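In our numbering, the protein residues as written are 55 to 261. Backbone N, C-alpha and C define an ideal beta-carbon position, used for all residues, glycine too. Computed from a predicted structure; not experimentally measured. Following: one structure in structure tokens, then a few remarks.
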């Protein structure tokens with residue numbers, strides 16, 4: 055971790071071989087609602103594959119998620135997705151193969167999956183674009199949804215957490231395959247605008 059106001063490293067963590075960090079953009083968010091930020095990233099090795107790992111700002115590992123064998127975890131967003139607005143991490147398990155959206159909770163030092171939805175893909179092979187989802191209350195129902203592409207990338211689906219489950223609530227047809235990232239911008243009226251593109255069209259929706 056580097057303090058941008060000072061050109062110095064303020065915290066460092068080193069993995070023991072053969073573990074490596076995957077991904078270029080760790081998430082910084084209060085995942086366990088203790089008022090302090092955590093750093094969410096993905097670590098992997100050639101034998102066991104990837105898993106979500108949570109660190110303190112001091113570089114100490116707080117928790118590690120389950121391992122399902124070789125394959126990437128694409129961490130997407132931290133938001134009050136869960137029941138009673140519990141803070142959860144949304145991540146896609148193996149976006150090129152398994153296409154499973156997972157919701158993680160960090161509680162009492164344990165990082166566990168609380169709900170899943172199949173049929174989504176937040177990344178394509180060879181792409182450097184990691185902005186594959188947007189989290190917001192798109193339909194003003196008081197619940198945060200995750201907007202993410204389907205496996206064929208021809209639709210965007212809004213996924214909501216419901217009790218111990220998660221469901222696709224509604225979808226947008228794109229009329230072609232998604233070729234861009236998903237971008238969300240907060241509006242002055244408290245709403246959100248979302249941008250996406252296919253090879254033929256550029257779309258901007260406001261909610």
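Extent of the continuous beta strand (DSSP E) run through residue i
i: residue 240; result: 237–240
i: residue 80; result: 74–83
i: residue 262; result: In this structure the chain extends from 55 to 261, so residue 262 is not present and cannot be described.
i: residue 31; result: With the chain covering 55 to 261 only, the question about residue 31 has no answer from this structure.
i: residue 157; result: 154–161
i: residue 187; result: From DSSP, residue 187 is part of no beta strand (DSSP E); its letter is neither H nor E.
i: residue 210; result: 209–216
i: residue 173; result: First-last for residue 173: undefined, no H or E at that position.
i: residue 109; result: 103–109
i: residue 260; result: 256–260
Whether residue i touches residue j by CB criterion (9 Å)
i: residue 114; j: residue 98; result: no
i: residue 178; j: residue 154; result: no
i: residue 232; j: residue 250; result: yes
is_contact[residue i, chain C] using C-beta, thresh 9 Å
i: residue 68; result: You won't find chain C in this structure, because it holds only one protein chain.
Cβ neighbour criterion (16 or more within 10 Å) applied to residue i
i: residue 142; result: buried
i: residue 217; result: exposed
i: residue 61; result: exposed
i: residue 215; result: buried
i: residue 112; result: exposed
i: residue 58; result: exposed
Rounded Cβ spacing between residue i and residue j (contact assumed at less than 8 Å)
i: residue 127; j: residue 96; result: 5 Å
i: residue 136; j: residue 168; result: 7 Å
i: residue 228; j: residue 212; result: Residue 228 to residue 212, Cβ: 14 Å. No contact.
i: residue 106; j: residue 165; result: 6 Å
Beta-bridge partners of residue i, as assigned by DSSP
i: residue 129; result: 145
i: residue 221; result: 214
i: residue 92; result: 83
i: residue 151; result: Answer is none; residue 151 lacks a bridge partner.
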